[in-house]
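Q: Going left to right, the sequence shown walks through residues 2 to 388 as the numbering used here numbers them. We treat Cβ as the ideally placed atom computed from N, Cα and C, and that holds for glycine.
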Amino acid sequence: MDPVAGATPVIGIEALRTLDDWLETEDIAKAWYGADCNTFCELSVSRSTGEEKPRLAKVFAIDNERWPDVIRISLEKAQNWWRAHSSGQCCWLPVYRSLSQQMPGAFIKGVTDGISCIGIANSLPAARMDFWGLVVLGYANGGIPRVVRDSAMASYRATFDCRNFTLVIWQNSLNSTAVAHIIPKRHTSFDRHSLDSKKWQLLLNTGTTVIQHEDPLTRWIEQDAPKPPYELLGKDWDQNIQCTIFDYRFIKYMKDKLRQSIYYAHGAWRDVQSRYLDDLFIQNQASQFSKNLLKSKVILDLETWNSFCEEMVSKEDVLHYSQRQLHQLQGEVERGNIKLNNLLQWHKNIFAFHKLLIMSHQIPEELETRGMGRMVLLAGSSHGILE
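Here it is, written out as structure tokens:
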């Protein structure tokens with residue numbers, strides 16, 4: 002965690018009083034807010050000295066129902082944030098400026114109405130907003146979070162390396178306030194691809210980028226006798242899978258289905274091995290097929306993929322072996338070995354689940370906050386987290 006991130010964030014009325022105490026001169030207001038200092042601050046007469054000094058008058062505020070507008074406008078304007086970030090120290094100013102240009106007045110409130118949106122972190126004014134909305138913004142701009150956790154799993158740091166900016170979210174303990182920071186990129190990362198509006202709106206509203214019972218990627222799973230589409234078994238849908246984001250609930254559901262398929266396939270291999278003693282393919286391959294099935298089950302049961310797992314076998318290897326066994330089995334069936342028809346179907350299911358689980362993206366548990374009312378402070382210097 003960053004050293005400055007260790008300072009305890011402050012929110013609400015306490016934050017307002019502290020910021021007003023710090024606003025001793027107009028120069029401080031200009032340093033914080035840049036060209037927008039007159040929007041957020043106004044001059045008032047100090048009761049103690051009788052002199053004029055700035056005080057906070059307005060705050061940047063995002064109501065939850067406005068997040069579709071925030072994400073849409075941000076995706077349109079984020080490539081210009083680098084040029085906008087030099088005026089004022091607060092990292093959220095480029096976001097505010099993009100929004101205020103298209104929807105003037107929609108994202109600003111007086112300090113009384115917006116008291117819950119005021120915060121302090123890293124010794125600067127912070128904008129308090131919905132955690133989930135900010136997470137979806139990171140995904141929408143092509144970011145896939147890389148999460149680093151401490152050994153006790155009590156704190157974490159999630160980094161979205163997006164198309165037009167880097168978004169960092171961290172929390173120092175289970176009971177502390179989450180803090181986020183946005184750093185605009187000077188140059189677009191063209192290898193990062195923004196989600197289309199349908200996908201990010203689904204993600205915002207449902208926690209996943211697909212409607213599970215409607216999307217052909219996933220609707221086959223809920224059938225009584227599930228048969229994955231041939232496009233899923235081939236490469237036709239690979240790019241779509243790589244852009245798909247699933248929530249924890251559906252990942253768990255697919256893992257349960259995978260576990261069930263492996264169980265039945267393993268039993269079916271033992272059955273044919275004991276029944277068809279004169280079948281050379283079955284006698285030579287059954288033990289290896291069964292062994293690899295159990296290996297893939299253990300690997301995909303792990304909730305956290307750690308460095309030890311990577312040293313033993315990579316996720317890509319699991320997918321490769323699963324596909325190779327499917328092709329091997331398919332070839333034998335095509336040569337007329339109908340005794341393996343049932344096993345072929347189980348291996349198709351297993352490969353399809355491996356593909357969906359390994360090639361798609363799961364929202365980390367720390368960031369899966371949809372509908373929880375969790376808030377985050379968007380804070381820090383526009384020139385970087387460490388000052």
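Which residue marks the beginning of the alpha helix (DSSP H) containing Ala-266, and which one marks its end?
A: Residues 249-276.
Q: Rounded to whole angstroms, what's the CA-CA distance from Trp-82 to Arg-325? Just pull it up for me.
A: Roughly 47 Å separates the two Cα atoms.
Q: Does the beta-carbon of Met-130 have 16 or more other beta-carbons within 10 angstroms, so that it is buried, or is it exposed?
A: Buried: at least 16 other Cβ atoms inside 10 Å.
Q: Please look up how many angstroms separate the CB atoms of Lys-54 and Leu-24, rounded, as I've assumed it's under 8 Å.
A: About 7 Å; that satisfies the 8 Å criterion.
Q: Just reading off the alpha helix (DSSP H) that Asp-22 is part of, what are its end residues?
A: First-last of the alpha helix (DSSP H) with Asp-22: 13-23.
Q: Taking C-beta to C-beta, are Ser-297 and Val-319 nearer than 7 Å?
A: Yes. Within cutoff.
Q: Rounding to the nearest angstrom, what Cα-Cα distance links Leu-57 and Ser-382 in this structure?
A: Roughly 18 Å between the two C-alpha positions.
Q: Between which two residues does the alpha helix (DSSP H) holding Ser-195 run?
A: Careful: Ser-195 lies outside any alpha helix (DSSP H) and carries neither H nor E.
Q: Let me know the secondary structure DSSP gives Ser-382 once reduced to three states.
A: If DSSP states are grouped into helix, strand and coil, Ser-382 belongs with the strands.
Q: Near Met-373, what residues of its chain come up, given a Cβ to Cβ distance below 8 Å and the 5 sequence neighbours on each side ignored?
A: Answer for Met-373: Phe-132, Trp-133, listed in chain order.
Q: Is the stretch 92-111 touching the stretch 335-342, taking contact as three or more C-beta pairs under 8 Å?
A: The stretch 92-111 vs the stretch 335-342: no contact.
Q: Can you give the beta carbon distance from Ser-361 to Ile-222, rounded, assuming they're within the 8 Å contact cut?
A: Actually they are not in contact, since the Cβ atoms of Ser-361 and Ile-222 sit about 13 Å apart, beyond 8 Å.
Q: CB-CB under 7 Å to Leu-17, same chain, minus the five flanking residues each way: which ones, in chain order?
A: Cβ neighbours of Leu-17 beyond the five flanking positions: Leu-57, Val-112, Ile-116, Ile-119.
Q: Is the separation between the beta-carbon of Pro-229 and that of Ala-353 shorter than 7 Å?
A: Yes, the pair counts as a contact, with Cβ atoms nearer than the cut-off.
Q: Taking 7 Å as the limit between beta carbons, can you name the residues of its chain near Thr-9, skipping five residues before and five after?
A: Counting only Cβ-Cβ distances below 7 Å, and skipping sequence neighbours, we find nothing.
Q: Which class does Leu-352 belong to by DSSP, given the choice of helix, strand or coil?
A: The residue you asked about is not Leu; residue 352 is Phe in the sequence shown. Helix, per DSSP.
Q: Of all the options Asp-37, Lys-253, Thr-19, Thr-219, which has the alpha carbon lying nearest to the alpha carbon of Trp-238?
A: When only C-alpha atoms are compared, the closest one is Thr-219.
Q: Would the beta-carbon of Ala-157 fall within 7 Å of that of Arg-147?
A: A small correction: the amino acid at residue 157 is Tyr; Ala does not occupy that position in the sequence shown. Contact flag unset, no.
Q: Which term fits Gln-172, buried or exposed, when burial requires 16 or more other beta carbons within 10 angstroms of its beta carbon?
A: Buried, because 16 or more other Cβ atoms sit within 10 Å of the Cβ of Gln-172.
Q: Considering only C-alpha positions, which residue in the set Gln-363, Ser-45, Leu-100, Ile-263 is nearest to Asp-70?
A: Comparing Cα-Cα distances from Asp-70 to each of Gln-363, Ser-45, Leu-100, Ile-263, the minimum goes to Leu-100.
Q: Measuring CA to CA, which of Pro-365, Gln-202, Leu-379, Gln-346 is closest to Glu-66?
A: Cα-wise, what sits closest to Glu-66 is Gln-202.
Q: Between which residues of its own chain and His-267 is the CB-CB distance below 6 Å, once the five residues before and five after are set aside?
A: Ser-291, Leu-294, listed in sequence order.
Q: Who are the near neighbours of Trp-33 in its chain, counting only those whose CB is closer than 7 Å to its CB and skipping five residues on each side?
A: Contacts found: Gly-89, Gln-90, Cys-91, Leu-125, Pro-126.
Q: Starting from the C-beta of Phe-41, find all residues in its chain whose C-beta is less than 6 Å away, skip the five residues before and the five after it, and write them out in chain order.
A: Excluding residues within five positions, the ones whose Cβ falls inside 6 Å are Tyr-34, Lys-59.
Q: Quick check on Val-46: buried or exposed, where buried means 16 or more other Cβ atoms within 10 Å of its Cβ?
A: So Val-46 counts as exposed.
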